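Enquirer: In the working numbering, the protein residues as written are 38 to 196. One structure follows; several queries about it will come next.
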């Protein structure tokens, strides 16, 4: 099923795995290194279980419903809610709403942004990329890029 408004406009658009992203505020722009990334995610999108060594990760849900697991505790969050995944705690999520999700991710410092930029490719259009199952090479590259940028992959995505 397609999201209601899948496009993001006015920014550099990237395809990060099966999502469309725009870096709305780069960590290099301000004194505090705050980074804000806008995401459009399809139903079922799930990050591998991971931990950030150097930064908290804040998720603000604009549209949709997402199931989070943070340090073994599960929580469902919907539009208007904000979820904190503190650094050092394993966390993952899965988009549960059939129409997908529209979120903002906020971090401090360059780690997450650098990893996302290196793992992404320019979007060919302002919409979700064609769905693809990650190859072993893609998974290996993501694990390496995460490790190089203060993020440890510690488990699989949510099924």
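Ideal placement from N, C-alpha and C gives every residue a C-beta, glycine not left out. Source: prediction; values computed, not measured.
Starting from residue 189, trace the alpha helix (DSSP H) both ways and give me its first and last residue.
Expert: Taken as a continuous stretch (DSSP letters only), residue 189 belongs to no alpha helix (DSSP H), being part of the beta strand (DSSP E) at 188-190.
Enquirer: What are the complete beta strand (DSSP E) segments, minimum 3 residues, inside the segment 97-161?
Expert: Within the segment 97-161, the complete beta strand (DSSP E) runs of at least 3 residues are 102-107, 110-115, 119-122, 128-132 and 138-145.
Enquirer: So residue 85 packs on residue 193, CB below 8 Å; how close in whole Å?
Expert: Indeed they touch by this definition, with Cβ atoms about 6 Å apart.
Enquirer: Using DSSP with H/G/I as helix, E/B as strand and the rest coil, what is residue 181?
Expert: Of the three classes helix, strand and coil, the one that applies to residue 181 here is helix, per DSSP.
Enquirer: Does the beta-carbon distance from residue 142 to residue 99 come in below 8 Å?
Expert: Their beta carbons are not under 8 Å apart, which means residue 142 does not touch residue 99 by this criterion.
Enquirer: What residues in its chain sit with their C-beta under 6 Å from that of residue 50, if we drop five residues either side in the sequence?
Expert: Excluding positions up to five away in sequence, the list reads 59, 160 and 163.
Enquirer: Between the alpha carbons of residue 137 and residue 128, how many angstroms are there, rounded?
Expert: Going from the Cα of residue 137 to the Cα of residue 128 covers about 20 Å.
Enquirer: Check whether the segment 102-117 touches the segment 174-181, taking contact to mean three or more Cβ pairs, one atom from each stretch, closer than 8 Å.
Expert: Result no; under three Cβ-Cβ pairs closer than 8 Å.
Enquirer: Return yes when the Cβ of residue 144 is within less than 8 Å of the Cβ of residue 72, no when it is not.
Expert: Yes, the Cβ-Cβ distance between residue 72 and residue 144 is below 8 Å.
Enquirer: Relative to the C-alpha of residue 148, which candidate in 186, 133 and 165 has its C-alpha closest?
Expert: The candidate whose alpha carbon is nearest that of residue 148 is 186.
Enquirer: With residue 126 and residue 88 assumed to form a contact (beta carbons below 8 Å), what rounded beta-carbon distance in angstroms separates them?
Expert: With a Cβ gap of about 6 Å, residue 126 and residue 88 count as contacting.
Enquirer: So, helix, strand or coil for residue 56, using DSSP?
Expert: Residue 56 falls in the strand class under three-state DSSP.
Enquirer: Using alpha carbons as the reference points, say which of 104, 63 and 121 lies closest to residue 96.
Expert: Checking every option, the nearest Cα to that of residue 96 belongs to 121.
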